[in-house]
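Visitor: Structure incoming, see below.
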């Protein structure tokens, strides 16, 4: 392929993304961030292990990062053995695929620009299955030159859309997260009501799929999680809470009220406090199913 890819952050999304890049023929260098097991699995598929993020950057043209939040991105980039210490001025491009505040993204881009290194924010939507299939929706912010250099890597992972300067990828991703948080609440609140009134959930879902209430979460997500009583895996509620907090922080910065998102954040926080934070966010249904009448 010619482009050497580095990847830091081999969690639920990062590991399948690296698998996809290897299938597409990219040379990929990885390092352990929190756990060694994903590294060992990926090395067995032909990835190369490096000692730390600095070493990953030194062997790569495009360095992708996929970690939970801005503090982890900061650590990966600017820690003692961070990516920034191994980048090449005028050549390297950093692609942050984490979901963080656009304000933080712009700060990271500014710091890297002092090293003459490009920065692209490219958060994704689609979950681990689509990461493994290379069909992610990728929301991209950055300078045209830097996006073009990263584009072959992004296209191997899914469908990237360049939305504007640094921070626009994160902006659109946070809008997505705010919407799905409230849509999930609307789904489970209404469906639990229907269930308590004696309706069959599958029958209700079938009818609503052809009605104005039709939505992706009801049609595709809930049958695999709540209806199947399988809440493990999926998209962890605590990660959604983190994204909602970033959306609310960004809204405060521009004086924009988001009351529905604020309420959603509080409800997911309640569910997390009750021990469900590591479960898929559809587990919010448990709060509605509890018989408190």
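In the working numbering, the protein residues as written are 38 to 330.
Cβ atoms here follow ideal geometry from the backbone N, Cα and C, with glycine treated the same way.
Are residue 67 and residue 87 close, meaning C-beta to C-beta below 9 Å?
Guide: Start at 1 with the first residue of the chain shown, and residue 67 comes out as number 30. Start at 1 with the first residue of the chain shown, and residue 87 comes out as number 50. It is a contact, given that the beta carbons lie within the stated cut-off.
Visitor: Tell me the residue span of the beta strand (DSSP E) that contains residue 199.
Guide: What you label residue 199 is simply residue 162 of the chain shown in a count that begins at 1. It spans 195 to 199 - the beta strand (DSSP E) in which residue 199 sits, taken as one unbroken run.
Visitor: Spell out a yes or no on whether the region 157 to 173 and the region 302 to 319 are touching, meaning 3 or more CB-CB pairs, one atom from each, closer than 8 Å.
Guide: Too few Cβ pairs lie closer than 8 Å, so no.
Visitor: Please return the same chain residues whose Cβ sits closer than 8 Å to the Cβ of residue 38, not counting the five positions on each side in sequence.
Guide: Taking the first residue of the chain shown as position 1, residue 38 is located at position 1. Because the pLDDT of residue 38 is 49, which lies under 50, any placement of that residue in the model is unreliable, and the question is left without a value.
Visitor: Residue 158 to residue 235, Cα distance in whole Å?
Guide: Numbered from its first residue, the chain shown carries residue 158 at position 121. Numbered from its first residue, the chain shown carries residue 235 at position 198. Rounded to whole angstroms, residue 158 to residue 235 spans 47 Å at the Cα level.
Visitor: Taking the CB atoms as reference points, tell me whether residue 80 and residue 100 lie closer together than 9 Å.
Guide: As a working mapping, residue 80 is identified with position 43 in the chain shown. As a working mapping, residue 100 is identified with position 63 in the chain shown. Going by C-beta atoms, residue 80 is not nearer than 9 Å to residue 100.
Visitor: Around the Cβ of residue 240, are there at least 16 other Cβ atoms within 10 angstroms (buried) or fewer (exposed)?
Guide: On the chain shown, residue 240 is found 203 positions in, with the first residue counted as 1. Flag for residue 240 reads exposed.
Visitor: On the CB-based measure, 16 or more other CB atoms within 10 Å of its CB, does residue 278 come out buried or exposed?
Guide: Position 241 of the chain shown, counted from the first residue, corresponds to residue 278. So residue 278 ends up on the buried side.
Visitor: Assign residue 273 to one of three DSSP states: helix, strand, or coil.
Guide: As a working mapping, residue 273 is identified with position 236 in the chain shown. Residue 273: strand per DSSP, three-state reduction.
Visitor: Please report the straight-line C-alpha distance between residue 106 and residue 145, rounded to a whole angstrom.
Guide: Within the chain shown, the letter at position 69 stands for residue 106. Within the chain shown, the letter at position 108 stands for residue 145. Taking the straight line from one Cα to the other gives about 13 Å.
Visitor: Could you name each continuous alpha helix (DSSP H) segment of 4 residues or more that falls completely within the region 201 to 268, going from the start of the chain to the end?
Guide: Qualifying alpha helix (DSSP H) stretches, in chain order: 205 to 233 and 238 to 245.
Visitor: Mapping the DSSP letters down to three states, classify residue 38 as helix, strand or coil.
Guide: Looking up residue 38 in the chain shown gives position 1. Caution is warranted here: a pLDDT of 49 is assigned to residue 38, below 50, making its placement in the model unreliable, and the coordinate value is therefore given only provisionally. Residue state, collapsed to three classes: coil.
Visitor: With DSSP as the reference, label residue 86 as helix, strand or coil.
Guide: For this step, residue 86 is matched to residue 49 along the chain shown. The answer is strand: DSSP assigns residue 86 an E or B state.
Visitor: Just how far apart, CA to CA, sit residue 198 and residue 140?
Guide: Within the chain shown, numbered from 1, the residue matching residue 198 stands at position 161. Within the chain shown, numbered from 1, the residue matching residue 140 stands at position 103. So the two alpha carbons sit approximately 20 Å from each other.
Visitor: Under the three-state reduction of DSSP, which class applies to residue 103: helix, strand or coil?
Guide: By 1-based counting over the chain shown, the position of residue 103 is 66. Residue 103: coil per DSSP, three-state reduction.
Visitor: Taking the C-alpha atoms as reference points, what is the distance between residue 97 and residue 186?
Guide: The count along the chain shown starts at 1 and reaches residue 97 at position 60. The count along the chain shown starts at 1 and reaches residue 186 at position 149. About 13 Å.
Visitor: Does the region 290 to 305 touch the region 239 to 254, meaning 3 or more C-beta pairs lie closer than 8 Å?
Guide: No: the two stretches stay apart, fewer than three of their Cβ pairs being nearer than 8 Å.
Visitor: Ordered along the chain, which non-local residues of its own chain (more than five positions away) have a Cβ less than 8 Å from that of residue 147?
Guide: As a position in the chain shown, residue 147 is number 110, starting the count at 1. Excluding positions up to five away in sequence, the list is empty.
Visitor: When DSSP builds the beta bridges, which residues end up paired with residue 173?
Guide: If you number the chain shown from 1, residue 173 lands on position 136. The partner list for residue 173 (beta bridge, DSSP) reads 195.
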